Each structure stands twice: as C-alpha cells, then as structure tokens.
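A short worksheet on the structure shown next.
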DNA sequence: CCCGTCACG
DNA sequence: GACGTACGTGACGGGA
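Residue numbers (the numbering used here): 1065 to 1999.
See below:
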C-alpha cells in the first residue's frame, strides 16, 4: 500500500538530457568491445546515475525519483515560433544511437523514466514540481539549466550536478538580477541565442533585470514603454513588443503539462540486481558491473565478447572471409530473425544491389546485411528468371524463391530508421538514395569510404575493392565476374541468385570488417573530429541535393546545338580550304601534322608520345603571328567543346521521372576535401565567355521560383591571409579594399587610385600563383612575360610579404616530417611524394602548399552546407548545387530575400565556432530566372 | 583504355 | 645546373 505523496516526501527530478550530454562530452568515444557500438555516453550516464542513487547527503535523500527526457525536437513551442531551437545542431551521429540506451539504462536502475510526445523535459519537470509542491512535499531539480530556474522557491530547489552546488532563490537572483518569479520576464526581454528565443534586440540580462526591477513586471513595462528615457531602448521595446510576448511564451513553463502517472508511482525503489547486472553486462561495462555486483554481494557475471575488435595493440586475427557461410534470405520468417539479431546488436553493415549505377534510375535488386565475421546474408528481391527472356507479354519474370519487395521493405523499414541501430555502408549515400526512392529513411549511418578518406586522403583512392586488398588482405569477387563487361554486359538482376548472394553478402562483410579496422584508427590518428564534423554529415545533405536536381530548359540547349552545328560546318569548310584539303579538325594528331609538317610552321613541340602539341597555348601563339588556320581551329574547338560536352550531353541527363538533371557528388573524389561532380559534372558549366555563359541560361527555376547563387568572395586568399598571418593582407580584407590592387601597390610602389590595369592583372596572377605554390616558369607562362621578369616579381612579392615564404617553408617542412598536412579544421591530407627527389618532388611540394588552403575553403563550405537544411527548413527553398565556393538554391519568389539573408549568414559564419578567422568572410548573392542571371 | 584538350573553381 | 612545373577536378573525341 503506497502512501500518498505529501509532507515529508522529497522528489528528485533528474534532467536526463543534461546527464547524457555531460556524459558524452566528459568521456572519450568509447565503443562496445564486441562490436564497436558507440557506448561512451551510456557508460557515463550509468556512472552518474549510480553515484547519484548511492551518494548524496542523508538529509537530502530522495523519497521519490524520476529521470525526465526530451521526447523529440518538435514541440508545441515550434507552433508558436517556428525558429525555436532552430540553431541547434543535430546531435552527433555516434550519440544518436545511445539515446534509447540511456532510457534502457534508467529503467535497468529501476528508476522511473519519463518522456512525453510534444513536450520538453522542462515542461514535465515544471508540472511535477508544481504538483509535488502543492501536495506539501519538497522538490530538487537536478540540472543546471537556467530555463528551470523560474521554478525555484516554495519548497522547490535545484542542484547543479556538475558543481554539486545547490541553486536557491539567492543564486537565481545572482544570475538573473531578479527573483525566480520574474525570471521569465527577464528571459523574454534578453532572449537566448542557444534556443533561438528572439527577445528584444540589444537588450541583455543586465538591462532586462534593471527594467523589470524598475517597472515591476513585463506587461507593465511594455504598457509603459513610452516612459523610458533612453530613446533607442524605448523604441526597441515598442517595436518588438509582440516578439517579446512570444519570447515569454517560449520560456514560460506551465504547471499543466498532462501527466499520465501519479507522484506515488515515482517512489524510490531499490534496483533489481539481476536486471541491472544484465544490462551492464550486455553493455560490457566491466568496472560498473563489478561495482554493482559488490554492492549487492552478488558475483559479477563474466562478460563474454562475441568478437574482438582488431587494434594495433592487441590485434586479433579474424577468420578469413568464407563465402560458403552466407545465407540467402527467401522468406519473411528468416528475415525477421535477422532483423531481430540486428536490433539486438544495434549495428549492421548493409549494401544494396541495383540494376544500374545511376541511383536516380536504378531499381533495387537485392539487399545484403552483415552483423559479424561470416554472418552475412543476401535478400534477393528483383532477380529475373534464369534464362527467361520474359513472359509471353514481354515483361521479365521474377526468379523463384524471392519474397515480395513490399514485404521485405516493410520489415526493413523500422530497423533502417531505428535510432538505436547503426547502419554501416561503403559509399552509403548511394544506398540511402536507392532506399529513399522506395520510401525508406536510413539513419544513423557510418561510411567506411569516408573513414578511409578522413584517414588517408592523398594516399590512395577509397573504393571497396582497393580498401579490402590493402587493409583486409582480401581480394573481392570483381563485379565483372558476374555481369561481364563491354557489349556482353548484363544487369545485376540477370545474375543467378546464388551467385549474386555470394558477391553481395561478401561486400557487406568486407564493409563490416573495414569498419572495425578503421573505427579505432580515427581517434588514434586524430581524425575522428574531421570525420564526424566534415565527412559523415555530408551524406544526408548531398543525398537531398542530388535528389532535388535542377530544372533544365532542354529546348534552349537543342536550339543552341543546331546553331553550333551550322557554325562548325562553316568553320570546317574554311579550315579545310586553308589546309589545302580535308582532315578531321578534331584530331590533334592530324592537325599537328598539317601545321608543322605540311605547312611547315615553327613552334612545333613534340611531347612524350611524339605528337605535336596543338594546345590552345600553341595555337594562340601561331594565331598572334598572323596565321588564320590555327585561329579558326581555336574557334572551332570552342564551339565543339560547348556542343559535345554541354548542349548535346545535358539534355540526355534529364531524368524521365523528375524532368530534372541530377548530378552525383563524390565526397572522396578530390584529395583536398573539395567535392567532385559527375554524371553530369555540374561544376564546370561554362561562365568565362559570353557564348558559354548562355548555357547557364538553360539552368532554370520552376514556375513561381527563382534561382539564387551565393558565392564566397576570394575565400582562398582570405584563408591564406589568416593561416600565413600576413598583416597587410588581413588589414586589406578587413577594410574591404581591392586586394589585387593593394598587392600591386605594395609591390610596385604605385597608388591604388588610377592604377594601370596591367599592373593589377600581374598582381592578381601572383596572388593566385602563391596559392598554387608559385614558380617563375608558371607565372611567366600565365602572364606571357619572360621568365626572369616573372622571377623578379616573385622575389619582390616575397620581400613585401615575407610571411608567405615562411608559411610555404613551414608547410613543406611539416609535410616532410609528418607525411601529411592539415587544414585549419583538422582535415588531414597525406603527402606521399614529398620526400622524393627529382622533378616529381616539385609537384608534391606545390600540392602540399596548396592543400591546406584549398582544403580549408572546402571545409568551410561543407560546414555551411551541413547547417543549411536546418537553417532554411521553414523556407520554400532547396539547396541544389555546390561549385566549390558557390551554393545554388531554388526558392519561391516571395522568399528570395529571406533565403539570401539566412543562407548568407550561415555561409559567412561557417568557420565558427571551430575557428575565428582574422579576416571576414564575404558572400555575394545573385537572383534570377536562371543560373546565368543569378551568377 | 590512354591521351590530349578544355570546361570550372 | 638540369630536371619539369602553376593547385584541384570530369567529360569528350580520337586513335591505338
């Protein structure tokens, strides 16, 4: 018989989220030894819970106890103010699967575990505090969250669990300058940048407290705002009265949050040793298990690890890969068993097989899963009958022994979306997109390709077959063995199920093994942060952009193609006339022979293949000497390039279902952290010539929409100014003056006003050259000036800006010593060729100088992109493209200004809080009906 | 399949 | 003093 809660009782309410985040940040990224499941925050959480229920002052011992969690990010406050908590970054990927485990941990300790849909933990804590106080009992809120301080008083106190310090009315007054009953008024005025509570601009806690103190309460203050003496403050309060009232609603905690349990049900209970030990053993917490066992006088259960992670210190060889162990999953019962095992383990390697490489078109053929060495399976779903050319009506018949696609997807769906199950893939963006098109969301995710990239960019590529050979010593079955190559190539759906299963399940197992290989290396080699912050979060962002695609005016391109074809035909005729006979103008070989043998022109340079060079450089020189043929060939080439690569090719990339063009971004394609765009490449659409720029007119916004382009101004030079710490350059960027003119002025001692454009052009070339690891030869060629002159410019440049030489020397020395360089944000790029001798060393040296600069710029735009979806989620806008220093959006006409404001803000502040740059980042914006207008 | 060429940042 | 050379990409057509 439980006694009614009342006088003499003491309810403790633990703020669960605070415990979790505290535990997560206080501990290194521990993983469960048997399978690598991230578990650090759970360990810390259990430790804190245990200490809490064991320790404490006897007089303050709880009689009733509950841990309260936030249920989800969306609450009723978002209906009042959509931007509430909009700035919150999503929880780290390796923390997300731990959230459900902390709930389990709470229940394992036999403590009430409370969360309510649509409410924050704070709301439940408030309602419970009111109820307990009204019943005559005492309450202690275990949290240091200032939002809860309004609840203090009348038998309700707070305890800061980190400092182990009581928070009473005096402490609240110290923090807010007012008593607990006026805390919300002060918060409403001051706002909160962390939760994105707007408040009144320019008013902080100090001013707010002073105003509330003077006028008594918020409503009185707002009503009598006209009486305020300071004109600016008076106007702010009058202008923002509504926003302030909304802010108050956001911070106000009410007593009437619905509770579907009684205070009595929170009565402190002893843990059930068996349940608690079972949980701790499953998590493989040795110390905690022992401690709890000791406390209960029980024998600590032996922790058996199913598998052992291979580490450098204790490398345990896994058995070799054995394809005969794999299972083909043909019915729902077997699939359900596998999914149960996956849910229990909390981790799975996954791979999808499809009919093609274009993930916007390919159909799913099968899914493979792996939960451990030798424990892999393949679910065939779309294989066609063996030898069957099709049924009587021409449609392909499905092979026997496959479960219906819809059933398999329905069973997979909750597991793929389960926050507590980590999904590991190799290039998992591909699988995410295939599954997303079938209505399946996948998360949280890990990607072995990205792990390899974080560890070894610059060292080698990151395809699975290569990684498997290098790190597992295992040669994968080449896909060509199954589908052939060239003309006789077949689709994966035509591969017999048994054969496909071996191949597909092997891929999943290799992925699983690679994950176990790479995961401990990330923190050991100090690239875990780069992986977590710069690589992994890109997956959902890019998947969304790629699936959005961009609208193309194919007719516009086709018209251009026809016009180009006519021009080319005319030029061809003219060229043949000049050459004295027909030849293939597109053949450098034939052209070289005509120019340098038949016509006997000078300047013929033969490369290593023995062929004459006919590059634009060479032809331009010849044209400048007055020869017509090379000039016409240059014209022809320009048009030919535009036609074949753009106006002809782009319309073929329009997706039949969406009517848009969907590029694919490679996250690991470039060594520096830049993205690479393929199929089609939308990062090299012409812009430098008027004719080329017309191709951008074909990239159009939908009806009622606009294209917006936002690009960083001079980002690499700004980064150079920061990393090399060049005072003159930094000051120029702070003052917003023309950077190339400034450089020229410093170098040649001429004033910026009325500067010869030629002088500025030279300075600009040097500024860019520096970023690339300048050489006299390269600059001479770029500027078409004698090499000695170019060298003299460079010498002057280094004299004027000695910090640049120091930076270059420093970077090369670092690369030689460590074998890698790092960007400001911790991205690591290996420099394998740096210690070579001979000509190859020059290239490696320049690459090492360039990588931290190009890489930091890439890091910054990645950071912006990762924050962008959340920042613009309430706008009718989509992020479509990235072109290294530019982001392209499509937005409804009415929201253009909002988008520019918000996206620019995200981009300009993207370096923070990781790095506070010494120079400002500036973003230029353009709007139009198409990309040409917007750029 | 490699090479030369050329589009972009 | 000679090597070779601006940094990072992807797509196309020609030709073996």
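All C-beta atoms, glycine included, are put in the ideal place defined by N, C-alpha and C.
Please read these numbers as outputs of a predicted model, since none were measured by experiment.
Considering only heavy atoms of the ligand MN, does any lie closer than 7 angstroms to the CB of residue 1719?
The ligand content of the structure shown is nil, which means the ligand MN is not present either.
| message | Extract the residue ranges of the alpha helix (DSSP H) inside the segment 1818-1849, only unbroken runs of 4 or more that lie entirely within it. | response | 1821-1835, 1840-1847
- Message: Going by DSSP, what residue range makes up the alpha helix (DSSP H) through residue 1787?
- Response: 1779-1787
(request) At 4 residues or longer, and completely inside the segment 1850-1905: list those alpha helix (DSSP H) runs for me, N to C. (result) 1851-1864, 1866-1882
- Could you give the DSSP three-state label for residue 1621: helix, strand or coil? helix
With a threshold of 7 angstroms on Cβ separation, who are the neighbours of residue 1260 within its own chain once the five nearest residues in sequence on each side are excluded?
1147, 1148, 1149, 1150, 1151
Taking the alpha-carbon positions, what's the residue 1964 to residue 1945 distance? 15 angstroms
Would you say the segment 1199-1207 touches the segment 1174-1181, given that touching needs at least three Cβ pairs under 8 angstroms?
no
Nearest by alpha-carbon distance to residue 1505: which of 1692, 1186, 1495, 1772 is it? 1495
**Asked** When you compare each of 1491, 1891, 1654, 1651 to residue 1915 by their alpha carbons, which one comes out closest?
**Response** 1891
DSSP on residue 1692, reduced to helix/strand/coil? helix
For this session: To the nearest angstrom, report how far apart residue 1976 and residue 1843 are at their CA atoms.
Result: 35 angstroms
Would you kindly report the start and end of the unbroken alpha helix (DSSP H) that includes residue 1088?
1080-1090
Checking 8 angstroms against the spacing of the C-beta atoms, do residue 1894 and residue 1507 come in under that value? no
Contact check, residue 1196 vs residue 1349, beta carbons under 8 angstroms
no
query = Taking DSSP as the reference, what is the three-state secondary structure of residue 1992?
reply = strand
- Message: Assuming residue 1968 is part of the alpha helix (DSSP H), what are its boundary residues?
- Response: 1960-1972
Q. Within 10 angstroms of its Cβ, does residue 1089 collect 16 or more other Cβ (buried), or is it exposed?
A. exposed
Are the Cβ atoms of residue 1569 and residue 1432 separated by less than 8 angstroms? yes
For residue 1440, does the three-state DSSP call read helix, strand or coil? strand
Q) What is the C-beta distance between residue 1273 and residue 1308, in whole angstroms, given that I count them as a contact (C-beta under 8 angstroms)? A) Rounded, the Cβ-Cβ distance is 15 angstroms, inconsistent with contact.
query = Can you name the start and end residues of the beta strand (DSSP E) that residue 1204 belongs to?
reply = 1202-1206
_Just to confirm my understanding: we take residue 1846, look at its own chain, exclude 5 residues before and 5 after, and list those with CB closer than 6 angstroms. What are they?_
1829
How would you write the range of the beta strand (DSSP E) that residue 1776 sits in, first residue to last?
1769-1776
### Message
With the cut-off set at 8 angstroms, would you say residue 1854 and residue 1840 are in Cβ contact?
### Response
yes
Quick one: measure Cβ to Cβ for residue 1727 and residue 1712, integer angstroms, because I've assumed they're closer than 8 angstroms.
Actually they are not in contact, since the Cβ atoms of residue 1727 and residue 1712 sit about 17 angstroms apart, beyond 8 angstroms.
Other residues of its chain near residue 1096: CB distance less than 7 angstroms, five sequence neighbours each side excluded = 1103, 1347, 1348
Provide the residue(s) that pair with residue 1718 in DSSP beta bridges, ordered along the chain. 1725
Query raised in the report: Out of curiosity, what's the CA-to-CA distance linking residue 1071 and residue 1219?
Result: 11 angstroms
With distance defined between alpha-carbon atoms, name the residue in 1658, 1998, 1287, 1918 nearest to residue 1954. 1998
Whose C-alpha, out of 1184, 1707, 1544, is nearest the C-alpha of residue 1620? 1707
Once DSSP output is grouped into helix, strand and coil, what is the label at residue 1916? helix
Assuming residue 1358 is part of the alpha helix (DSSP H), what are its boundary residues? 1350-1360
Is it the case that the Cβ atoms of residue 1936 and residue 1917 are separated by a distance below 8 angstroms? no
- Have a look at residue 1529 and residue 1553 and give me their C-alpha separation to the nearest angstrom. 20 angstroms
- So residue 1751 packs on residue 1616, CB below 8 angstroms; how close in whole Å? Not a contact, Cβ separation roughly 16 angstroms.
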